[in-house]
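Asker:
Protein chains in written order, with my numbering: chain A, 23 to 274; chain B, 23 to 274; chain C, 23 to 274; chain D, 23 to 274; chain E, 23 to 274; chain F, 23 to 274; chain G, 23 to 274; chain H, 23 to 274.
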């Protein structure tokens, strides 16, 4: 279902032109696109929103059996919209690009995508990462934000132990509408950037590090306790989620 | 320092009218307002941003010795801007309102505030909470968002175990630019609301609950793992932070 | 909404006499009983299910501000059905029984209740606890199961370090339809009972213990790893939840 | 030992026809079927219950050395009853089906089984899962419930971020006697389903997810803190346990 | 039941003079001493072992409601044997000694006891503690070991940061049959003592410390990972358990 | 250094025939057997104790580089005493037995050993395990206890969900001087055995299990919180340590 | 024992003028100052080092019973050297200063001290803290460093969210030999300072914060994962330890 | 930027010869050496400090994609200074030494390095490790300290369970200016060494161990709670960081 449809439905509700009951009834009517395998439904694709709003469809590959994944991708490709597949292993990337040559690989990420409509690139999202090891996650954020129509600029390897590297990004710090900041280890970078700007900062902890980094838990906790009030946080290594919300904020 | 000043500074930088070095030098020049007690500086107030931008000054009372807190509040009240003091004990609320009658208590919260300038109430922030026990945190979010100039509507006690209660909030779900969703226990509400809207949802876990809720850790983890892509998360009970970011997004 | 109503609604749906949309619309129509304070809704009571089905209404007091709690209890008492209030402090028990003399205290628990309709006591629920310290939680389970119409027998202080104490409960082990087993410390009792019966066992970890019991976490983890396949688990100290599910199973 | 035997024994006890001592003595007499390897007993099969009650024998393969596992399976196959082997690696599935062609693989699970007696399929168990990644665990629950004589219907990929998908399952929500709900990530689905039905809901967290899902811990904690009172929980990925208890409740 | 009785019973079993069944039946016959309050059994005392073996009866006060505790103590005092009550608050110590003047307080511990039979003091148990803060737990261990008939010598405040203090305890290190070593903070002392002796060392972590000591968890983990092979561990602050096992080993 | 030497040294100290200083000086004199590789000392073998006391030398292979391990084993084999190497991978077992054919593999364990002196087998150690998956750890305990001169009897797969299996071990429960009880999952078996005997019980948690067993943490915590007072605990999977302490207690 | 004595002892050893044995023997001879209460030794003071080296004696009050603490303080005051007592409650501060008027309170800390010899103040230690709430811990570090002879300068409330506040401390950043950096919440400050200087930075996490700060655990983990290589860490709130090591480094 | 430059800059500031602004401006001017790949900057090398101060450049390989790592190493080798690459896999060591033959492998570590300038070896750093398994981490510490100009002596396999092994290191304990102590399992060695010396001790926990060692967490916690006041701690397995700080302290 598109945002326009939803708005219209709920406007009617708000204007007294329909009841809550009628509204819900209409909500029920939008069918999902069900994928059956082995005699049962294994996936219910929610394609309507993306189809009409220009949002990409997104498939989280992680944890899915390959036969399920393949079926879902095949079905999604039947629709003529932007598509993003995240958290793929190298092996699966190879298998899927063999099967579906229309899929492109985003360099340095674990994602595949198809872009059927180019956005005009309105608004600017700034994507920072603290170290070279965090680039894959940052690129995932940049990719989805671009697929959602944002202009994106990246600035990498600018950790807090070398402040002068960070300060050289003045232009980007000034002009972006929203920031995605990716960092592992102690995860301090969102706090420092958050103190320099008065825009929302979406912090992404990464599993980079070792020992007491606990696969990103330390960075996650650090970001949740940021002393900068403009920081919110997503799951460890969730570049996609951060880029998605940045895209939403940027669109407004 | 105001956003306007920052923009001007960084514009000059971007336009080649100043160097990175000159820019940083100017950044250095904005003095902080230092509070001395017992012969040493105990606080450095960063009042410039708020003074010119209409943002409120915010003081986190938690953990501060009372003599420090009192001094900071006194100094902050000297400036003619909106002021918010968070995470106060009942006893401190009484003591501060006795000392500073210009402070108002926000009903049901642990905050005091002074509002010197009324915002026009542009844009709408929707603040939801799952249970009656989460109201104090939700009210804190609503308060700061209002102080930042947002129109705020609240919808309380609408947890996921009774979906029909949530669905009755259709109008608010349709019209808000950004959502703050406050929940304890399993923290599922942001996922459900996130699935109903295509706006950013800022999730606030609360320490409500007992046993394996681990003072909000369970809700926090649940929200970080939300299956709705438009959800970002702040610290446990951090209604202030969520409201602040909602205010930022709403202003854009 | 009563189970009968729900069944009727969904029967119509199943029989093709109504559409999914109409069904949901009807679901929407059942109003909640909203409680307003300070100019806003602070609670939305879901009284319909309990009113018609004979289930008690249940209010979780923990975490609620007293003024909210008082309002909710008052409203709930207006309906003529069984009522249970759980997780009350001693002080709140005193204040509420002063305000509402129709409330009874369940000895040794942190609950208050009102019983307007006596169940016939159909079916038998066996409630066990491992040590004297676990009695309060066990009594809470017994209370709600009785309010839901079950006959309940209890057998207390029969921990696994003294097997002969447990084996003496042979009659109860034979005749109950479902078991609630409450234990702290290592939480081994549900496994042992689970091995002796072929009925569902609902395990309740308690926060009894010290040191590495971690306020019930150890018992909780032990129960989740039970080598008896008929054991399911509820939250630490959640006697209410265990008794509620036992009541549901017993009713079937 | 069969439930009938147990009932008879304990009836005698209850009626005064035997003493506690005589009862326990009889309990002792039921021999286990011991498997010896390398000159020692390595397993003691408890085959009696299953043989007479129609319950399947169940072997947890995880952690067992293959030579032990092989011996246990061989012995179990000598009895003429339903058999389920859980938590097998792909490699072990291949090796065991080569050795014992009478074993069948349950598609999409890590289980092997042999069904010697078909149940009539009395009563209905509803098995839900939140995402395609959770299907393997859900199928394990469905399999054991079927082996215990239940009719089972499944409804997959109906997570809380798309409520309309869930609401389309109205018929199943109305008619099942007990529900198994399988979910990873934030684990919110049991709460939502629990709010829609007045039957027991057995929640199964899965290790699906990444980062702060902590291999299912987040879903587990979420389910233990469910705001729906009819939810109980089993171990992470323990589809078997949930299906087993559902089978028990359904049989009553 | 006394150890002698148990031995006799099991001897008969071993010699073929009785069957397993008869043995269990006899085991069942030893009644527990049940305490009833409010119309139900709240405690089942297992007094037989202690009565005949000279072992003290032990009551863990922690977590018990006072009315239950009082009843249990009263009943235990009716038997003419050694008695130990552990984990009492100061307030409860006062109340119980007022009620039962025959109880003695063990200086510096949270225990009360009654000693009706003096042991001959056979064998030597060495009780060490690392710091002055650990004395209360160490004294609890010494007390129960003495009540079980051991001679006990203590050596306190001899932590590993001052090795010469520890080495001065040469005589005790040489002559004791078993050691109890109590330490908080990093819990290193059992490893060092374990390397100096070839006797069993029972390590007791204490909740002494702050910050990352996590109420004794750090000391507990350290002791479980001791590089000395003769170290076993009990729960945090469980001086009683350590002293009890030391008493058992010493008796042999 | 042998226990006899230590006794003699410390006797002199106790009798005033030497000073603390002289005693420590003598302690210093016992050289360790240093192994050099790559121009530095990489291991200092403490062979004296074992050489004279009949205790085996023990080498923990885990974590050591193979070249270090090989050197240490070679040096240890030069002495004519019992030797045990623990925590070997399959690959290392093969490589070491190829290099040193005098090493024997203990069936079902990850250990190699050489037995140069047979003990008389004095005293009885009872080794129990809960499930077939725990056998490898239990065998490790049995092996070291035997190398230390104990008679050992084992009783396997007797978990608490089938009490009658456990009760059939009456003879062993009666006659052993000390028990090693190995269990994974909820780790309840030591509590149950501890309640049946009045001897020390050394509990060994295993990493058997999945999900919320957290690689043995759940069993470990359960055992530390045992309601049986005669239970002490060693590290997860530390069969060696448990068998070693059992051997020490048995020797007394 | 003084460092000079230790050096002389070990020099003799190194020069062949004494054996290892003689050295240890001499080490043994330095008596500790034992405090007896209730007929047993409750503390062994290690006063020798401090007496001759000018280091203060330090007493950790936390966890000690008051009667023990009082005795230890009394004994320590008998020696004519600097004394520091840490982690005192307000009540204990009052009681001790009443008993021992020669003790001074360090403003804003939980410490008492007596300074008998003023150090010349050689070398400079820089003590920073991130927020006003961290001042008490920072002052504790400054106090001990001063008692050890360092010149100390402090710079407070300079957290990373306001970089310009930190950069204004240029002179101190340039001249100190070693830094103590105290921070709560995300604990990012040591990383930022560590990147600006090439001196050792000792990081002190504080328990300041709420929710997911977990009483300082988050700051602790962040500091351990610092991307600045010159950072080492002490326990949560351990201002004393950080100041002590800073004093040691400064003295070299 | 070299320390000398920094000093000069900040001296001017301190002497009033430049303003804070000018100082920061100059700080900004030092360019980083940016590495571009795939059309974007992937690393910003901070080579200035090392180039002029004789400190080695350090590259943390862990987590970096190989193409990034290769580019960074290539660029770093272009400068004529000492270089250290840490946390390399065996495979990467082979690949890099094939590509860059000027890199040397440090035996027994996961590091590569190039030494262009030999330090004079001023001052002494003592590096201890508890067991043979900890040598790789200890060697990493020794390597970096040597690259920073320290003389280093190592003393390995001297754990606390055999104190006489440790005491034989008297000469090294006496003469070193600073200690690095590496230990796994319970991590007790820093406390014992810390009690023997009055120099700073930098403790490095290792991931050596199994079960409840939790990959080094136990050792880490133990070291943070050391009862010796001269101990500070770095991350698990962070031999590099410990050696780096030891090098800094030694240089002073």
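All C-beta atoms, glycine included, are put in the ideal place defined by N, C-alpha and C.
#1: Could you name each continuous alpha helix (DSSP H) segment of 4 residues or more that falls completely within the segment 111-135 of chain A, going from the start of the chain to the end?
#2: From which residue to which residue does the beta strand (DSSP E) around residue 173/F run?
#3: What's the C-alpha gap between residue 243/D and residue 195/D?
#4: Looking at the C-beta of residue 93/H, does it have a partner C-beta in chain I at a distance below 8 Å?
#5: Starting from the N-terminal side, write out each stretch of the alpha helix (DSSP H) that is 4 residues or longer and does not extend beyond the segment 225-267 of chain H.
#6: For a contact defined as C-beta to C-beta under 8 Å, what are the partners of residue 242/B on chain G?
#7: Going by DSSP, what residue range makes up the beta strand (DSSP E) through residue 202/F?
#8: If you count every other CB in all the chains shown that lies within 10 Å of the CB of residue 282/H, and 16 or more means buried, which is it?
#9: Are there 16 or more other CB atoms within 10 angstroms of the CB of residue 192/B, so buried, or fewer, so exposed?
#10: Could you give the DSSP three-state label for residue 196/A: helix, strand or coil?
#11: So, for residue 122/H: in the same chain, excluding its five sequence neighbours on each side, which residues have a beta-carbon less than 7 Å away from its beta-carbon?
#12: Counting only the same chain and skipping the five closest in sequence on each side, list residues whose C-beta sits under 6 Å from that of residue 163/E.
#13: So, does the CB of residue 215/F fall closer than 8 Å to a CB anywhere in chain D?
#14: Start and end of the alpha helix (DSSP H) containing residue 167/A?
#15: Report the rounded CA-to-CA distance for residue 65/F versus residue 77/H, giving the unit in angstroms.
#16: Compile a chain-ordered list of the residues in the segment 167-181 of chain F whose CB is closer than 7 Å to at least one CB of chain D.
#17: What is the DSSP secondary structure of residue 58/G, reduced to helix, strand or coil?
#18: So if I threshold CB-CB distances at 7 Å, which residues from the segment 147-166 of chain C count as touching chain E?
#19: Among residues of its own chain, excluding the 5 on either side of residue 217/A, which ones have a beta-carbon nearer than 6 Å to its beta-carbon?
#20: Beta carbon of residue 84/D, beta carbon of residue 109/D: below 8 Å?
#21: For the segment 203-227 of chain D, list every residue whose C-beta sits within 8 Å of some C-beta in chain A, in sequence order.
#22: Excluding the 5 residues preceding and the 5 following residue 176/E in the sequence, name in chain order all residues of the same chain whose CB lies nearer than 7 Å to its CB.
#23: Look at the alpha carbon of residue 174/H and the alpha carbon of residue 268/H, and state the distance between them as a whole number of angstroms.
#24: Measure the C-alpha to C-alpha separation of residue 50/F and residue 185/H and round it to an integer number of angstroms.
#25: Please go through the same chain and pick out, in chain order, the residues whose beta-carbon is closer than 8 Å to the beta-carbon of residue 58/G, but skip the five residues on each side of it.
Answerer: Concretely, from the data shown:
#1: 112-121
#2: Residue numbering aside, residue 173/F sits at position 151 when the sixth chain is read from its first letter. Residue 173/F -> beta strand (DSSP E) spans 173-177.
#3: By one-based count along the fourth chain, residue 243/D stands at place 221. By one-based count along the fourth chain, residue 195/D stands at place 173. Distance between the alpha carbons of residue 243/D and residue 195/D is about 24 Å.
#4: Here the protein chains are A, B, C, D, E, F, G and H, and chain I is not one of them.
#5: 239-246
#6: Position 220 of the second chain, counted from the first residue, corresponds to residue 242/B. Those within 8 Å of residue 242/B in chain G are 233, 234.
#7: Within the sixth chain, the letter at position 180 stands for residue 202/F. It spans 200-205 - the beta strand (DSSP E) in which residue 202/F sits, taken as one unbroken run.
#8: The requested residue 282/H is not part of the displayed model; chain H covers only 23 to 274.
#9: Numbered from its first residue, the second chain carries residue 192/B at position 170. The residue is buried, with at least 16 neighbouring Cβ atoms inside 10 Å.
#10: Mapped onto the first chain, residue 196/A falls at position 174. In the structure shown, residue 196/A sits in a helix (DSSP, three-state: H, G or I).
#11: As a working note, residue 122/H is residue 100 in the eighth chain. If we look at residue 122/H and ignore the five residues flanking it on each side, its Cβ neighbours are 95, 99.
#12: Counting from 1 along the fifth chain, the entry for residue 163/E is found at position 141. Excluding sequence neighbours, residue 163/E sits near 149, 202, 261, 264, 265.
#13: Taking the first residue of the sixth chain as 1, we reach residue 215/F at position 193. Not an interface residue.
#14: The count along the first chain starts at 1 and reaches residue 167/A at position 145. Here the alpha helix (DSSP H) through residue 167/A covers 157-169.
#15: Working through the sixth chain from its first residue, we reach residue 65/F at position 43. Working through the eighth chain from its first residue, we reach residue 77/H at position 55. Roughly 32 Å separates the two Cα atoms.
#16: 176, 178, 179, 180
#17: The residue labelled residue 58/G in the question sits at position 36 within the seventh chain. DSSP places residue 58/G in strand when its eight states are reduced to three.
#18: 154, 155, 157
#19: If you number the first chain from 1, residue 217/A lands on position 195. Excluding residues within five positions, the ones whose Cβ falls inside 6 Å are 250.
#20: Position 62 of the fourth chain, counted from the start, is the residue given in the question as residue 84/D. Position 87 of the fourth chain, counted from the start, is the residue given in the question as residue 109/D. Yes; because the gap between Cβ atoms is below 8 Å, this pair is in contact.
#21: 206
#22: Numbered from 1 along the fifth chain, position 154 holds the residue referred to as residue 176/E. Taken in chain order, the residues that qualify are 149, 160, 164.
#23: Looking up residue 174/H in the eighth chain gives position 152. Looking up residue 268/H in the eighth chain gives position 246. If you take the alpha carbons of residue 174/H and residue 268/H, they lie about 10 Å apart.
#24: Your numbering for residue 50/F matches position 28 in the sixth chain. Your numbering for residue 185/H matches position 163 in the eighth chain. Interpretation of residue 50/F is limited by its pLDDT of 48, a score under 50 that renders its predicted location unreliable; the figure taken from the coordinates is listed afterwards. C-alpha separation (whole angstroms): 9 Å.
#25: Looking up residue 58/G in the seventh chain gives position 36. Correct list, in chain order: 64.
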